[in-house]
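Numbering (the numbering used here), first residue to last: 471 to 1478. Virtual Cβ for every residue (Gly too), placed ideally from N, Cα, C.
Encoded structure:
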């Protein structure tokens, strides 16, 4: 209570305007935002909140905090038209009429009374805007009475009008705060705002910025004001506010500029000079970048500005570009029509948030794809279930080898060369044997960072790529969840508070379970998919749990655990299964008196896999892992320093019966230590540099390795950027799955062998184990790129890359005698170029990707293409939302890929048992086994399969109910035109097995 009293006492409330408007023609606008707070009282009619699917009825109010976005329909008595912002600016008289003379009670049309006002702590921090909350309804007779009284003061001027307006505006602001507290709304956000009072240094900085907005406001000046070091002030400010001080200052200056444009007749040059921009051209560029329109057009503003939030306190404003078919002067203009039947809708306005654009400008972003659940849901869900594995297949540079037992390969790297993380815990097999599903439930994913090459120094122990998955925390405010059912899977998610703490603290939980039963449903629903007598014999389950402890000052700690299982009963091909589990914890500390943010995690995980095949002894493998790391982050003005240390310990085991050498067990214990440092330099104008270094000590091998890495970006213009990255990488982990195998579900793990088959052994007498210089597998990465923003909605990215795998350990599939080595060392090379085009503007989404790649392996002077080498790969993804409230969502994905390499059959022969024993009578034993001759080593993988292509589509219908409950009905089709894509060919039986056929499915989910 004391903090809230201090907030109210320090709140500086400024009245902007109060109006009553009558709706002439109902209209809809997307992402309405304003630099001030807005409260709207519905006197007659209603307001519709389209994105929240809610209606504000007569007598209710809608409060829109500054910086908040809301999609609204004004007027509900007739079908609304959808207009963009600039068209609205030029046609306000055709939208509504401002009532300047009539009493509200006498109005018969739909009408609203609205008030806009500022409310800043210490006249610096926008209180409601900085809560980072959305618009919400208010039903409070006292606030409605105050708002009507305020309008009456405007309507009937009398003595003391200005004073009364100020007092009434103050009362309304305070009553809104009381309403929030009384209803216990936004508890966490209010607690965060109260932190501003815990250190007077921040208050001094706010005051100094406000009073010297046009002066030098460098970090050195702010450090002097706060009496801290120049290096610390940036981190300190960001730690408490979520934004670095220079971004905050620029926003404050732009807000001052908006106010001057509205209230004065000063020239653009004068305004720029007054707020600290000596270069008028630069000021105009920055203004247009933030607000989307030239500064001069802001003078015409009489309605809420259309804005987009950057992050934390920083806010930028977007505006709509007037497209040719919505030109207000054209014959298509709806305002020029006298007949309602002739009214045509303009394109719906969607002001895209610029957070992604700012990240593209201010970070190197080489060879990284950042994924959220929103992007995952653009891809048609397989069987009615959206999944990360389905989206990853559309990422440029990623190759997927098959629907059944297929694997993902990233820019020439194999599975074992990809590091997969879940909340900092290592996951050794993130994909199920039915390659359409990963172990990560989409609804618990917060974000995913996918590095297809040249990843930074905080990642290590792998030599090709990284998949870093972070999960959400449980809901702090209420119990909620989701249930889903489709022919492939059933799932349930439950989340909520365990303990509701004060000031934003507390304990939350999150639990998720998914189980597949395709092996049970496919015989009845998809009997035609039976090609090998097994229907679709895949089953799996995924369980994940998380408990998070939230501190009242931003500190956080979580404990979590998972159990993933997979099974494929393949009949004659064998029974394959694996089980993976793990548990751990992570934390984030935000000390109030130190100069560093501290994060860390500790986790244990284990992966067991086995396969049982006819006439072959079972193969088994396991790997367990314990990892621990600490990292520290400094924010130095616009620059950033991050460093950390860690330990990884694991045990690998591979148990196999070798027909040539009997039972073999490969087991090793490994211990690795690492440290890393990464520095991000931002010149503030065009250049960004990220030098970083990783020191990796493989203690079990006695090898210390220094791995420098580097990234850079140069902003040629606001729309065109050049980027690049490079680095050295290594790993001490080998897969028992060979890159030469077309189908290989079983993947065991071993440590790098110390003796292998050397490249220079070319005669049978020399075929023996020999030591190698270093058992580590090493690689070098080089990535370049160009980013081009055609406009706010269209992005084009081009990235050429090169990966050199100097020492790649593979299984020796040509081993004929027990004294020959099980492993060979190959050299690999992957090169290519990726293109990605994105158009994201509701109701449309289009993503087009093309990859040109070439992957080779070289051994014993023979160079071949591994089974995942795909020369051409095209992925087209599209989405369209339509219907009332955009409740229908249509998605489509088409994939075209050139054929994978395979080894052609030269001839068949009778394979006689010539073991050299006296009992072996060649004359009397003529019936040997059928053998296949594949040619010489140089003939390996010289053939190519036919082109692969597949079309998937889905249609989703959404019903929204009160309290954010939602029902979704999802219909999907895999392989819509039933393309027969080859999976593998049984040479002996001369039988072709195809990938998944036409597979329709209907699923449903309910969120609560």
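Residue i - partner residues in DSSP beta bridges
i, result
"residue 841", "918"
"residue 595", "591"
"residue 1419", "1366"
"residue 1328", "1297, 1333"
"residue 1361", "1349, 1424"
"residue 1034", "1012, 1050"
"residue 1060", "According to DSSP, residue 1060 bridges with nothing at all."
"residue 1259", "1265"
"residue 1110", "1105, 1150"
"residue 1470", "1443"
"residue 1248", "1200"
"residue 577", "DSSP, once it has assigned bridges, lists no residue as partnering residue 577."
"residue 1193", "1183, 1255"
"residue 1274", "1250, 1299"
Endpoints, the alpha helix (DSSP H) within which residue i is located
i, result
"residue 1294", "Note, residue 1294: premise wrong, no alpha helix (DSSP H); beta strand (DSSP E) at 1293-1311."
"residue 676", "670-681"
"residue 615", "611-625"
"residue 862", "858-862"
"residue 649", "631-652"
"residue 695", "689-696"
"residue 767", "765-768"
Residue range of the beta strand (DSSP E) that includes residue i
i, result
"residue 518", "516-519"
"residue 1079", "1067-1083"
"residue 533", "531-534"
"residue 836", "Residue 836 -> no beta strand (DSSP E), and no H or E assigned at all."
"residue 869", "868-870"
"residue 602", "From DSSP, residue 602 is part of no beta strand (DSSP E); its letter is neither H nor E."
"residue 1460", "Note, residue 1460: premise wrong, no beta strand (DSSP E); not H, not E."
"residue 1435", "Taken as a continuous stretch (DSSP letters only), residue 1435 belongs to no beta strand (DSSP E), as it is neither H nor E."
"residue 566", "566-569"
"residue 495", "No beta strand (DSSP E) holds residue 495; DSSP gives it neither H nor E."
"residue 553", "Where residue 553 is concerned, there is no enclosing beta strand (DSSP E), given that its DSSP letter is neither H nor E."
"residue 1450", "From DSSP, residue 1450 is part of no beta strand (DSSP E); its letter is neither H nor E."
Environment of residue i [buried if 16+ CB atoms lie within 10 Å]
i, result
"residue 1465", "buried"
"residue 490", "buried"
"residue 1142", "buried"
"residue 1273", "buried"
"residue 798", "For residue 798, the predicted model reports a pLDDT of 28, less than 50, meaning its position is unreliable and no value from the coordinates is stated."
"residue 1106", "buried"
"residue 998", "exposed"
"residue 1379", "exposed"
"residue 1110", "buried"
"residue 740", "exposed"
"residue 532", "buried"
"residue 1400", "exposed"
"residue 1471", "buried"
Within-8 Å CB hit, residue i to chain D
i, result
"residue 1142", "Protein chain content of the structure displayed is limited to a single chain, and chain D is not contained in it."
>> Give the list of continuous beta strand (DSSP E) stretches no shorter than 3 residues that lie fully inside the region 876-938.
In response: 878-880, 888-892, 915-921
> With a cut-off of 8 Å, do at least 3 Cβ pairs link the region 1419-1432 to the region 845-856?
Replying inline: yes
> Are three or more beta carbon pairs between the region 593-605 and the region 490-500 nearer than 8 Å?
Replying inline: The region 593-605, when compared against the region 490-500, does not touch it at the 8 Å Cβ threshold.
> Which runs of the beta strand (DSSP E), 3 residues or longer, sit entirely within the region 953-1018?
Replying inline: 959-970, 976-986
> Three or more beta-carbon pairs under 8 Å between the region 1435-1450 and the region 966-984, yes or no?
Replying inline: Not touching, per the Cβ criterion.
> Would you call the region 858-871 and the region 879-899 touching, i.e. three or more CB-CB distances under 8 Å?
Replying inline: yes
> Whole beta strand (DSSP E) runs in the region 1138-1175 with 3 or more residues, listed along the chain?
Replying inline: Those beta strand (DSSP E) runs which fall completely within the region 1138-1175 and span 3+ residues are 1157-1168.
>> For the structure I just gave you, are there three or more beta carbon pairs, one from the region 621-632 and one from the region 750-763, closer than 8 Å?
In response: no
>> Can you confirm whether the region 838-853 touches the region 1261-1271 when touching is taken to mean that 3 or more C-beta pairs between the two stretches lie within less than 8 Å?
In response: Cβ pair count under 8 Å is below three, so no.
> For the 8 Å Cβ check, are there 3 or more pairs between the region 668-682 and the region 704-711?
Replying inline: yes
> Below 8 Å, can you find three or more Cβ-Cβ pairs linking the region 933-941 to the region 950-966?
Replying inline: no
> When the Cβ atoms of the region 1403-1418 are set against those of the region 1356-1372, are three or more pairs found closer than 8 Å?
Replying inline: yes
> So, do the region 1293-1303 and the region 1274-1282 have three or more beta carbon pairs nearer to each other than 8 Å?
Replying inline: yes
> Which runs of the alpha helix (DSSP H) spanning at least 4 residues fall entirely within the region 704-753, listed in chain order?
Replying inline: 715-733, 738-744
> Between the region 1046-1058 and the region 1074-1090, do at least 3 Cβ pairs fall closer than 8 Å?
Replying inline: yes
>> Closer than 8 Å is the cut-off here; do at least three beta carbon pairs connect the region 1321-1333 with the region 1354-1364?
In response: no
> So does the region 1088-1101 actually touch the region 910-924, counting three or more Cβ pairs closer than 8 Å?
Replying inline: no
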